[in-house]
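Chains as they are written, first to last, in our numbering: chain A, 6 to 459; chain B, 6 to 459. What follows is one structure encoded as structure tokens, with my remarks underneath.
And the structure:
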């Protein structure tokens, strides 16, 4: 009998708490869906700053913008956290293909971190391979002096497009050195793109120091199709010309941090962030202006609602996610140096699309605690807690301090149409989808701050 | 012991069937995600035909397009089903507001089915009301001779935007007669729009024959905001000029039907469709070119996969959803006249966005049967079976023949940015999201054809 009574009270308490949580979920949602500043902030970042690769003057401008935006959102305290970052300089670039016996310029983008041709034309014949195995099977003399075209298609049969990306991205990362190892003088890749268009996608590549650092460019899907067709008929030569290179010195840059001080356990910190840097094309709206303005919006909404979180809430705009992770490392190093207590770190770096889930990188017990709230999240379209996804910028604090991570999982269908392209612009982001992502992260923060994770 | 054995075999069989279903789900998905013709078909419909209001020459052109597309998809049989439809003619229209003492043209669209000013300028002072209650509370003499501005905001706090639409749309439908009843000479409405832009949204209105048929126009959100602000300071007059009217005669038009004959129970019919007509603005891509090309894609994919469905599968492009439902009625009437057996009718008329659910209008037992497959649908992002939503075109066959209905429920965040506007174009639709909607409906059709609904 006694155990039944206990059970009854336990259910009653749970019921009450669940009810209050549900009401607070609704309050957070109403505040953000009706008064969000996400979309305006994103417009300003995209249109006044534009793309902002680490180390560039635009990135420095973005830091100032972030500081102002965080103050305007009402953070108790705003500060910059130094991080020295690499600076990839693109300069001028062009690619000519002699399809049909005549050279013509095609849309192409040098891969990030790649070494260009020093601004001089590099002319060579193209050799097509579909994958690394085909390349390996070729005799070196067939590759020597040529430009290897990695014609690997993004697998559209994966419904969650990040799986397709994970599958295809090895050609961007490892293509140049794999080709150079066999004597190639340059590479071209079919972009990691789901797009039915011709936008080339840049993104980081990595050289293996044992081989020549050959120039590397990406083509959009339509030009890749044309090149594939042309090569089936006759040899095709290319002229690559590019000035890109890594600048010799690291550049002092910053994470931007805005904080709401916790009322009961201020020493316990909840981090939520996105990354402020972007590649040097488009406007970095989807990758990852969206995550930045969502983090700022969480500060604004909590302040507007008069919420007094038990834990300290920190919104962080990380610098240098794209080619160095130096901001994420600086944040983790500082947390270690100051012996900070971090409850959870949350990142939004998968686009400003309608949220569908929350990725969890934590113990099973902690996962189960968050999953026990799934009925609260369902009315906001969030049902998927199955993925182990955090975010690049919060990986270091997980690796170094075992901090549990969560990653916002928005609908993934459009992401790799836009990612690292000139089409990653403000116009591609929908105001409601963007705000809804902020709603879900604010709800998660509320739960963890209120009820803990253990 | 025996019952245990039976249970064991039951589970075994269920497991096998589930496994085969899961494999077929994957085959359908791979076929459509890799080889879909949805996006190309939508491009052609949007760019070569464009918008296509019932009764118009464009609608007639769309019927021919649909017939060809259905044949190209490989339907066993393609035919046209006659329906006589009303024809709303827009003609020239303009709206001038004297904000700040000077008349200026603003973006506006006459409401569908509305009676214009006969092409003559109608000049009157504007009176703002936020809702019907405010209008009712006004003395008639304050309304008489004026243009009523229904300044009711779309409720952005609803996460499922169709709820916000259901809430706001009464001002479009009932605004003209409510205002005319009090002596108004015309109305302007704030569009049923989630957009942070200035696109006006048209859409059907309905006159109560007891009152004058006053002209009615919609403003986009930004102009509505400006007008609201201006009216808070000083009186504002408007000059409405519009030629729109209903054409005196009904026009002969058609549903386009493509069929795959069932192999085991061909007399049992599964219908899947969208509507071919659109409002006379934009390109009718989201509303509802998407639903049409998805229905056609299901025929193509089933043929390409060599599927031999037990039941007969019919893809139907319904005519006149927007202002008459005559196509849906003709389809239901024909089913009655021929005493056809319909297992289920499925519609996609909520946009070509990523699917999230399937609305079910059927008995609880039938709902539970479909819900028992929910784990099969989850990898395709479909988790919501809670809504009672079918589709306007299939309502008549449900009302008249009790046919169970299902409605595709895509992500709703973008729909009411685009709905009935000049911005409802091909470019707003994403190829993967569009195809994924076809995948989910094809999967549902496979299940119902294979296992029945009872």
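Backbone N, C-alpha and C fix where the C-beta goes; we use that ideal spot for every residue, glycine too.
> Listing by chain order, which chain B residues have their CB less than 8 Å from the CB of residue 4(A)?
Replying inline: Outside the displayed span of chain A (6 to 459) sits residue 4(A), for which this structure offers no information.
> Under 8 Å Cβ-Cβ, which residues of chain B neighbour residue 386(A)?
Replying inline: Taking the first chain and counting its residues from 1, the one referred to as residue 386(A) is at position 381. Within 8 Å Cβ-Cβ: 164, 361, 416.
>> Residues in the same chain with beta-carbon distance under 8 Å from residue 85(A), minus the five sequence neighbours each way, listed in chain order, please.
In response: The residue labelled residue 85(A) in the question sits at position 80 within the first chain. So the qualifying residues of the chain are 68, 72, 259, 260, 261, 262.
> Along the chain, where does the beta strand (DSSP E) that runs through residue 246(B) open and close?
Replying inline: Residue numbering aside, residue 246(B) sits at position 241 when the second chain is read from its first letter. Note, residue 246(B): beta strand (DSSP E), 242-247.
> Quick one: is residue 341(A) buried, meaning 16 or more other Cβ sit within 10 Å of its Cβ, or exposed?
Replying inline: The residue labelled residue 341(A) in the question sits at position 336 within the first chain. Its Cβ having fewer than 16 others within 10 Å, residue 341(A) is exposed.
> Taking 8 Å as the CB-CB cut-off, is residue 35(B) touching chain A?
Replying inline: Taking the first residue of the second chain as 1, we reach residue 35(B) at position 30. Answer yes: the Cβ-Cβ gap between residue 35(B) and chain A drops below 8 Å somewhere.
>> Tell me the DSSP secondary structure of residue 324(A) in three-state form.
In response: Position 319 of the first chain, counting from 1, holds the residue named residue 324(A). Residue 324(A) falls in the coil class under three-state DSSP.
>> Once the 5 residues before and after residue 414(A) are set aside, which same chain residues still bring their CB inside 8 Å of it?
In response: As a working note, residue 414(A) is residue 409 in the first chain. Counting only Cβ-Cβ distances below 8 Å, and skipping sequence neighbours, we find 355, 360, 361, 362, 363, 364, 389, 392, 394.
>> Measuring straight from C-alpha to C-alpha, what distance separates residue 445(B) and residue 385(B)?
In response: For the purposes of this step, residue 445(B) is taken as the residue at position 440 of the second chain. For the purposes of this step, residue 385(B) is taken as the residue at position 380 of the second chain. Whole-angstrom Cα-Cα distance: 7 Å.
>> I'd like to know if residue 419(A) contacts chain B, where contact means its C-beta is closer than 8 Å to some C-beta of that chain.
In response: Counted from its first residue, the first chain places residue 419(A) at position 414. Yes, because at least one Cβ of chain B sits closer than 8 Å to the Cβ of residue 419(A).
> How would you list, in chain order, the residues of chain B whose beta-carbon sits under 8 Å from the beta-carbon of residue 197(A)?
Replying inline: The count along the first chain starts at 1 and reaches residue 197(A) at position 192. Here the premise fails: no neighbours, minimum Cβ distance about 15 Å.
>> Taking 6 Å as the limit between beta carbons, can you name the residues of its chain near residue 296(B), skipping five residues before and five after?
In response: In the second chain, the residue the question calls residue 296(B) occupies position 291. Around residue 296(B): 279, 353, 354.
>> Does residue 84(A) come out as helix, strand or coil in the three-state DSSP assignment?
In response: Counting from one through the first chain, the residue named residue 84(A) turns up at place 79. Strand.
> Can you list the residues of chain A that residue 468(B) reaches, using a CB-CB cut of under 8 Å?
Replying inline: Within the shown structure, residues of chain B are numbered from 6 to 459, placing residue 468(B) beyond reach of any answer.
> If we ignore side chains and look at the alpha-carbon of each, how far apart do residue 282(B) and residue 34(B) end up?
Replying inline: By 1-based counting over the second chain, the position of residue 282(B) is 277. By 1-based counting over the second chain, the position of residue 34(B) is 29. Taking the straight line from one Cα to the other gives about 28 Å.
>> Against residue 441(B), what residues of chain A qualify as contacts under a CB-to-CB distance less than 9 Å, listed in chain order?
In response: If you number the second chain from 1, residue 441(B) lands on position 436. Those within 9 Å of residue 441(B) in chain A are 164, 418.
>> Can you look up residue 389(B) in the DSSP assignment and give me helix, strand or coil?
In response: Within the second chain, the letter at position 384 stands for residue 389(B). Correct three-state label for residue 389(B): strand.
> Cα separation between residue 309(A) and residue 64(B)?
Replying inline: Taking the first chain and counting its residues from 1, one reaches residue 309(A) at position 304. Taking the second chain and counting its residues from 1, one reaches residue 64(B) at position 59. Each residue's Cα considered, the two are about 50 Å apart.
> By how many angstroms is the C-alpha of residue 409(A) removed from the C-alpha of residue 320(A)?
Replying inline: By one-based count along the first chain, residue 320(A) stands at place 315. By one-based count along the first chain, residue 409(A) stands at place 404. In a straight line, the C-alpha of residue 320(A) is about 16 Å away from that of residue 409(A).
> What's the call for residue 430(B), buried or exposed, on a 16-neighbour Cβ count within 10 Å?
Replying inline: In the second chain, counting from the first residue as 1, residue 430(B) sits at position 425. Answer is buried; the Cβ neighbour count reaches 16.
> Do the segment 103-122 of chain B and the segment 140-159 of chain B touch if we need at least three Cβ pairs shorter than 8 Å?
Replying inline: no
> Do the segment 122-138 of chain B and the segment 207-218 of chain B touch if we need at least three Cβ pairs shorter than 8 Å?
Replying inline: no
> For residue 132(A), which beta-bridge partners are listed by DSSP?
Replying inline: As a first step, residue 132(A) must be located in the first chain, where it is residue number 127. Looking at the DSSP assignment, residue 132(A) forms a beta bridge with 153(A).
> Rounded to a whole number of angstroms, what is the C-alpha to C-alpha distance between residue 70(A) and residue 268(A)?
Replying inline: Counting from one through the first chain, the residue named residue 70(A) turns up at place 65. Counting from one through the first chain, the residue named residue 268(A) turns up at place 263. When rounded, the distance between both Cα atoms is 28 Å.
> In terms of residue numbering, what span does the alpha helix (DSSP H) encompassing residue 435(A) cover?
Replying inline: Taking the first chain and counting its residues from 1, the one referred to as residue 435(A) is at position 430. That residue, residue 435(A), is in no alpha helix (DSSP H); it is neither H nor E in DSSP.
> Can you give the Cα-Cα distance for residue 132(A) and residue 91(A), rounded to whole angstroms?
Replying inline: In the first chain, counting from the first residue as 1, residue 132(A) sits at position 127. In the first chain, counting from the first residue as 1, residue 91(A) sits at position 86. Using only the alpha carbons, I get a separation of about 32 Å.
>> Let me make sure I understand the geometry here. Which of 345(A), 380(A), 456(A), 101(A) has the alpha-carbon closest to that of residue 246(A)?
In response: If you number the first chain from 1, residue 246(A) lands on position 241. The option with the nearest alpha carbon to residue 246(A) is 101(A).
>> Within the continuous alpha helix (DSSP H) that includes residue 401(A), where are the two ends?
In response: In the first chain, counting from the first residue as 1, residue 401(A) sits at position 396. Note, residue 401(A): alpha helix (DSSP H), 400-406.
>> Using a 10 Å radius around the Cβ and a threshold of 16 neighbouring Cβ atoms, would you call residue 224(A) buried or exposed?
In response: The count along the first chain starts at 1 and reaches residue 224(A) at position 219. So residue 224(A) counts as buried.
> With burial defined as no fewer than 16 other Cβ atoms inside 10 Å of the residue's Cβ, what is the status of residue 46(A): buried or exposed?
Replying inline: Against the first chain, residue 46(A) aligns to sequence position 41. Its Cβ being crowded by 16 or more others within 10 Å, residue 46(A) is buried.
> With 16 as the cutoff for other CB atoms within 10 Å, does residue 39(B) come out buried or exposed?
Replying inline: Position 34 of the second chain, counted from the first residue, corresponds to residue 39(B). By the neighbour-count rule (16 or more Cβ atoms within 10 Å), residue 39(B) is not buried but exposed.
> For residue 346(A), which residues from the same chain have a beta carbon less than 6 Å from its beta carbon, with the 5 sequence-adjacent residues on both sides left out?
Replying inline: In the first chain, the residue the question calls residue 346(A) occupies position 341. Cβ neighbours of residue 346(A) beyond the five flanking positions: 272, 273.
> Do residue 44(B) and residue 436(B) have their C-beta atoms closer together than 8 Å?
Replying inline: As a position in the second chain, residue 44(B) is number 39, starting the count at 1. As a position in the second chain, residue 436(B) is number 431, starting the count at 1. It is a contact, given that the beta carbons lie within the stated cut-off.
>> Helix, strand or coil for residue 103(A)? Go by DSSP, reduced to three states.
In response: Translated into positions along the first chain, residue 103(A) becomes position 98. Residue 103(A): coil per DSSP, three-state reduction.
> When DSSP builds the beta bridges, which residues end up paired with residue 223(B)?
Replying inline: Walking along the second chain from the start, residue 223(B) turns up at place 218. In the DSSP output, where bridge partners are listed per residue, residue 223(B) has 114(B), 194(B).
>> What ranges does the alpha helix (DSSP H) occupy inside the segment 324-357 of chain B, keeping only unbroken runs of at least 4 residues that lie completely in it?
In response: 331-342
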